[in-house]
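In terms of full-length UniProt numbering, the sequence shown has 173 at position 173, counting the first letter as 1, and numbering is strictly consecutive. In this text, a Cβ means the ideal position worked out from N, Cα and C, and glycines have one as well. One structure is given here, and the rest of the page talks about it.
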Amino acid sequence: MKDCLDNQVQSVLEIPYFQGDFWTNIIEQNIKELDQDNDDRIGAEDPTEISGKRKCANTDKKKNCKKSTTIQQTVAKEQITHCTDLMLKIFPIIDKYKKEFFVIRLRNSMSPCPTVADTDILIKCDLMDTPEIFLKFCRDQYFEFSSLRRAKFSSMALLYKLHTTTKIYSYNCNICRQQCHICYHCTVCDDFNLCEKCYNIEPKHEHKIERSVPSVVDISHDESLASPQIQRRQAMQRCIEALLHAVNCRNATCLSPSCFRYKRVIQHTKECKGKNSQCNVCKQVIFLSWYHSKSCMEQNCQVPFCTNLKIKIQKQRTAKLQ
């Protein structure tokens, strides 16, 4: 309450809250009520059609329910300038729960932030895909931030976990559901992979199985890189960028060296008559699309196989949370 008055909060967008917090539901509910009030005001019934008793009953209810609310809205108008109708409606709720909620500002919001030149490469990790997965992991590992000592330990443990468990070249085994670097791929079934341990377990899979290791040909040998793992990450990122460029490029005489080659690959995936799991070219495109779809936020993405892969990844994440 004090924070709203001190900072002259004029819109609900300025109310501090977290995802899934109390205020998000309250704001949505009040927006619906405002829309309903506007609809009722526009399509109001003829007063002659309503009986006197009904009018009196409705009037008494409104007086009893909105008496205190009107007083608080008047206070809000006096203390907050240029206050919106939605903010006036939420102000009484803020005043009601002012003792339960408090705001902590870690820094001055108006202070200028210097430009950060981050030279570290981006690392993809399933643990950071959604807040629910991250919070579940913290609960399972008992990571807490209630004190400085616990916050330091939890931060260091999380950083170690993120940097040691992130694997770029990985599949999910269809039996044990574990990620595997080297997989055994079925040439008949669509998207059926086995890890080495499950592959050696009897009885064997009924179809022909091939040992598959993801291979991308655009790896450049840069001697300044620290390790082969970083080389693979950067090569993968370059392949994704080249694929996205080829998908969106409409220039027939594009000067990009890889544009024409990737356009031919994309056209091949559209015209390939055999199953994608049996075509080596389609396999590599599926792998690139799978890696891209894990972080893709576009609803109508034009990358081959991206839409279906996003649905499959979302189902896997939902199954892990259950």
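Does DSSP put residue i in a helix, in a strand, or in coil?
| i | result |
| --- | --- |
| residue 221 | Only weak support is given to the placement of residue 221: the predicted model assigns it a pLDDT of 38, under 50, and the question is left unresolved by the model. |
| residue 300 | coil |
| residue 178 | coil |
| residue 250 | coil |
| residue 268 | helix |
| residue 255 | coil |
| residue 142 | coil |
| residue 262 | helix |
| residue 38 | helix |
| residue 92 | helix |
| residue 172 | strand |
| residue 131 | helix |
| residue 26 | helix |
| residue 280 | helix |
| residue 313 | helix |
| residue 240 | helix |
| residue 154 | helix |
| residue 318 | helix |
| residue 85 | helix |
Which residue wins for smallest C-alpha separation from residue i, given the options the options?
| i | options | result |
| --- | --- | --- |
| residue 211 | 281, 160 and 193 | 193 |
| residue 24 | 247, 85, 94 and 237 | 94 |
| residue 297 | 161, 313, 149 and 199 | 313 |
| residue 88 | 245, 127 and 31 | 31 |
| residue 130 | 300, 295 and 303 | 295 |
| residue 252 | 243, 242 and 263 | 263 |
| residue 208 | 236, 189 and 38 | 189 |
| residue 323 | 22, 183, 319 and 204 | This structure does not reach residue 323, given that the chain is present from 1 up to 322, and the question cannot be answered. |
| residue 319 | 177, 157, 117 and 260 | 177 |
| residue 164 | 184, 127, 198 and 150 | 127 |
The ligand ADP heavy atoms versus the CB of residue i: any closer than 8 Å?
| i | result |
| --- | --- |
| residue 136 | In the structure on display, the ligand ADP does not appear, and there are no ligands present to speak of. |
Who are the Cβ neighbours of residue i in its own chain at under 8 Å, not counting the five residues just before and after it?
| i | result |
| --- | --- |
| residue 316 | 172 |
| residue 248 | 302 |
| residue 244 | 292 and 303 |
| residue 240 | 288, 291 and 292 |
So, for residue i: in the same chain, excluding its five sequence neighbours on each side, which residues have a beta-carbon less than 6 Å away from its beta-carbon?
| i | result |
| --- | --- |
| residue 269 | 282, 285 and 304 |
| residue 65 | The predicted position of residue 65 is uncertain, since its pLDDT is 49 and thus under 50; no value can be drawn from it. |
| residue 222 | Low confidence applies to residue 222: its pLDDT is 39, below 50, so where it sits in the model is not reliable enough to give any reading. |
| residue 278 | 187 |
| residue 114 | none |
| residue 162 | 125 |
Can you check DSSP and say which residues form a bridge with residue i?
| i | result |
| --- | --- |
| residue 186 | 209 |
| residue 308 | For residue 308, which the question treats as bridged, DSSP gives no partner whatsoever. |
| residue 194 | 184 |
For residue i, which residues from the same chain have a beta carbon less than 7 Å from its beta carbon, with the 5 sequence-adjacent residues on both sides left out?
| i | result |
| --- | --- |
| residue 26 | 90 and 93 |
| residue 34 | 85, 86 and 89 |
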